[in-house]
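Asks:
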Amino acid sequence: MLDRLFISLLLLALAPLASARISPLAKELINHNFSVIEGLLAVDLAQLDVSSVKASKGWGVAYNFTYDDNRLEGSSSSNLQQTTTNSHTLALTQSNFWGGSLSLSNTLSMVDQGRISSSLLGGAGTKLNQYNQGITYQQLLGRNRLGREDRAGLQLAHQGVELRRVMARLNEQQVLLQFSNFYLAAKLHNSLRGLQQRAYKRAVKRRALIIRRVKDGVALNVDLVQSKIAVLGKKEAINNAHNALNSSLEKIGLLLHRKVDSSDVGVFDMAKFNLSQVPNANWNQSLDKQLLEQQVLLSNQRLKKIDYSFAPSMDITFGLKGNEYDSSIGQSLSNGTILDQDREITVAFNLSLDLGSNNSKAERAKERIELGKLILGQQIKQKNFVQSFEQIVTQIKRMDQNLKSIKGRRQFARQVVMEYGKLYQLGKATLDQVIGAEERLIETEISLVRSLVEREGLVVSLAVLDGELKEYLDKASF
Numbered sequence: 036m037l038d039r040l041f042i043s044l045l046l047l048a049l050a051p052l053a054s055a056r057i058s059p060l061a062k063e064l065i066n067h068n069f070s071v072i073e074g075l076l077a078v079d080l081a082q083l084d085v086s087s088v089k090a091s092k093g094w095g096v097a098y099n100f101t102y103d104d105n106r107l108e109g110s111s112s113s114n115l116q117q118t119t120t121n122s123h124t125l126a127l128t129q130s131n132f133w134g135g136s137l138s139l140s141n142t143l144s145m146v147d148q149g150r151i152s153s154s155l156l157g158g159a160g161t162k163l164n165q166y167n168q169g170i171t172y173q174q175l176l177g178r179n180r181l182g183r184e185d186r187a188g189l190q191l192a193h194q195g196v197e198l199r200r201v202m203a204r205l206n207e208q209q210v211l212l213q214f215s216n217f218y219l220a221a222k223l224h225n226s227l228r229g230l231q232q233r234a235y236k237r238a239v240k241r242r243a244l245i246i247r248r249v250k251d252g253v254a255l256n257v258d259l260v261q262s263k264i265a266v267l268g269k270k271e272a273i274n275n276a277h278n279a280l281n282s283s284l285e286k287i288g289l290l291l292h293r294k295v296d297s298s299d300v301g302v303f304d305m306a307k308f309n310l311s312q313v314p315n316a317n318w319n320q321s322l323d324k325q326l327l328e329q330q331v332l333l334s335n336q337r338l339k340k341i342d343y344s345f346a347p348s349m350d351i352t353f354g355l356k357g358n359e360y361d362s363s364i365g366q367s368l369s370n371g372t373i374l375d376q377d378r379e380i381t382v383a384f385n386l387s388l389d390l391g392s393n394n395s396k397a398e399r400a401k402e403r404i405e406l407g408k409l410i411l412g413q414q415i416k417q418k419n420f421v422q423s424f425e426q427i428v429t430q431i432k433r434m435d436q437n438l439k440s441i442k443g444r445r446q447f448a449r450q451v452v453m454e455y456g457k458l459y460q461l462g463k464a465t466l467d468q469v470i471g472a473e474e475r476l477i478e479t480e481i482s483l484v485r486s487l488v489e490r491e492g493l494v495v496s497l498a499v500l501d502g503e504l505k506e507y508l509d510k511a512s513f
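In structure tokens form, the structure reads like this:
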């Protein structure tokens, strides 16, 4: 009876273990990992920078009220300084990214000159209303000709958003890569723990069998000692695998910001595992290439803006102003507009030139060096990309050959275990032969699991090169 139970326990090595996939945890990571969220928030902040630049141009309105009660002594007997004035100013402004700015101002001042005789005012009384209306348009020329410097600043802000977007994807991919490595390690140790646990149970049952056989006088006491050593060894192997598993689960938990259990990672199903398809990495899709491209565009835009600073600052301003003094507010408002025949027209031209420009020259030289480094970096990284791709593909092909071989060895090892079990029942095989066959099966299964992990790690590296790790993990079979 014990012999049959022993053989049935040996056959537990044939039973598949439950498996879990990486996809759900990868999605959870993207949604909850702080580093990933921080990268996305950086994109939002960059977009707010664009909004801020845009908000600097557009329409604006301003209102000002001034009350002035002047009781100072004047220099003449008429005491012209002693007045009370209420002033209201309403201004409307508009600027654009083409170097133009428009301003329309309206000012109504109500002056009470109570101590001035009406004769001095020409019979107008002691209260007088003054209304001024003016419109001014300024067009920038030279350095900021037609707003080119402003538009360059806006373009820099837009490119900053694109750069942050690529950096966020790159950061997300780096976190996913780190997570994938921890996940594969956890799945490896969980699988090894399962194999060692089953081996431990078989060793315990085998020890019980040998105790019975020693009592019956058909086995030696040294066989019992050997079985006890095997039990202790399997227990140590379980503890080692358990510690390694907990370490990997802790690392995954730190990325997910929650406790992770062994059931979240599962084990490799050695009975029916499917090899993941090898992605065909493309340099044009590489996030490293996209990042360098955005950095080059940003550097070129900064150079363009620096070049603008060498030109002189010029602007031309056109102004039109009208005003009216009257004791009647209505008359002041109707006759003091810019459309009235009593108006003032002004045209002004301003020019300023920085004769030194040493700071701009230094900035331009530094930016050109940075641009050269980026272009050189593009060339080197492309060469490294091709080299890494070829090496990884070669390694995967060799690993596939090894997996095919290991899979065959596992089938043979299972057959040997079954055959030795039958022979042991018939008394035609020794205990050492049974234990040796079982150990070879365990070693083969461990080699199979480690090879699966190594292959998946190589495929993950290819997905990173291709910039499609997120998409790959969503479809991954492990």
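Following the numbering used here, the numbering of the sequence shown begins with 36 at its first residue and continues without gaps.
Beta carbons: idealized from backbone N, C-alpha and C, even for Gly.
From a predicted model like this one, the values you see are computed outputs, not experimental measurements.
(1) On the three-state DSSP scale, how would you describe ARG56?
(2) Closer than 8 Å by C-beta to ASP38: which residues in its own chain qualify, once you throw out the five before and the five after it? Chain order, please.
(3) Could you tell me the distance, in whole angstroms, from the CA atom of GLN148 to the CA atom of THR142?
(4) For MET145, which residues of its own chain have a beta-carbon under 6 Å away from its beta-carbon, when the five flanking residues on both sides are left out?
(5) Taking 8 Å as the cut-off, decide whether the C-beta atoms of ARG178 and ALA346 are in contact.
(6) Terminal residues of the continuous alpha helix (DSSP H) containing MET453?
(7) Under DSSP, the beta strand (DSSP E) around GLN129 begins and ends at which residues?
(8) What does a CB cutoff of less than 8 Å around LEU211 pick up in its chain, not counting 5 residues either side in sequence?
(9) Under 8 Å between the Cβ atoms of LYS442 and LEU483?
(10) Compute the Euclidean distance between the alpha carbons of GLY134 and LEU189, then round it to the nearest angstrom.
(11) What separation, rounded to the nearest whole angstrom, lies between the Cα atoms of GLU197 and ASP79?
(12) Please report the distance separating the alpha-carbon of GLN209 from that of ALA220.
(13) Determine the burial state of ASN167: buried for a count of at least 16 other Cβ atoms within 10 Å of its Cβ, exposed for fewer.
(14) Go ahead and pull the three-state DSSP assignment for GLY502.
(15) Would you kindly report the start and end of the unbroken beta strand (DSSP E) that includes ASP103?
(16) Classify GLN231: buried if its beta carbon has 16 or more other beta carbons within 10 angstroms, exposed otherwise.
(17) Would you list the residues sitting across from ALA383 in a DSSP beta bridge?
(18) Assuming ILE373 is part of the alpha helix (DSSP H), what are its boundary residues?
(19) When we look at the beta-carbon of LEU289 and count the other beta-carbons within 10 Å, is it buried (16 or more) or exposed?
(20) Please classify GLU118 as buried or exposed, where buried requires at least 16 other C-beta atoms within 10 Å of its C-beta.
(21) Does the region 372 to 387 come close enough to the region 347 to 355 that 3 or more CB-CB pairs lie under 8 Å?
(22) Going by the CB atoms, is the gap between TYR218 and VAL313 shorter than 8 Å?
(23) Considering only residues of the region 232 to 269, which uninterrupted alpha helix (DSSP H) runs meet the minimum length of 4 residues and lie entirely inside it, listed in chain order?
(24) When the distance is taken between beta carbons, is SER321 closer than 8 Å to GLY502?
(25) Count the CB pairs spanning the region 413 to 422 and the region 473 to 492 that are closer than 8 Å, and state whether there are at least three.
(26) Which residue marks the beginning of the beta strand (DSSP E) containing VAL313, and which one marks its end?
(27) Which ranges would you report for the beta strand (DSSP E) in the region 143 to 227 if only whole runs of at least 3 residues count?
(28) Please work out which residues of its chain come closer than 6 Å, Cβ to Cβ, to LEU497, disregarding the five sequence neighbours upstream and downstream, and give them in chain order.
(29) Identify the residues that DSSP records as bridge partners of ASN358: which are they?
(30) Can you tell me whether GLY371 is buried or exposed? The criterion is at least 16 other CB atoms within 10 Å of its CB, across all chains shown.
(31) Looking at C-alpha atoms only, which residue of LEU191, SER87, PRO59 is the closest neighbour of LEU332?
(32) Under 8 Å Cβ to Cβ from TYR360, same chain only, skipping five residues before and after it: list those, please.
(33) According to the neighbour-count rule (16 or more other Cβ atoms, all chains shown, within 10 Å of its Cβ), is LYS510 buried or exposed?
(34) Please go through the same chain and pick out, in chain order, the residues whose beta-carbon is closer than 7 Å to the beta-carbon of TRP318, but skip the five residues on each side of it.
Replies: A quick look at the data gives this:
(1) coil
(2) Summary for ASP38: the model assigns pLDDT 48, below 50, so the residue's position carries little reliability; its value from the coordinates is reported in the next sentence. Cβ within range, chain order: LEU244, TYR459, GLN460.
(3) 19 Å
(4) ASN121, ASN164
(5) yes
(6) 393 to 460
(7) 118 to 130
(8) ALA61, LEU64, ILE65, LEU504, LYS505, LEU508
(9) yes
(10) 13 Å
(11) 11 Å
(12) 17 Å
(13) buried
(14) coil
(15) 93 to 105
(16) buried
(17) THR352
(18) First-last for ILE373: undefined, no H or E at that position.
(19) exposed
(20) A quick correction: the sequence has Thr, not Glu, at residue 118. Flag for THR118 reads buried.
(21) yes
(22) no
(23) none
(24) yes
(25) no
(26) Run containing VAL313: none; DSSP gives neither H nor E here.
(27) 162 to 177
(28) PRO314, ALA316, ILE427
(29) ASN167
(30) buried
(31) LEU191
(32) LEU163, ASN164, GLN165, SER367
(33) exposed
(34) LYS324, GLN417, PHE420
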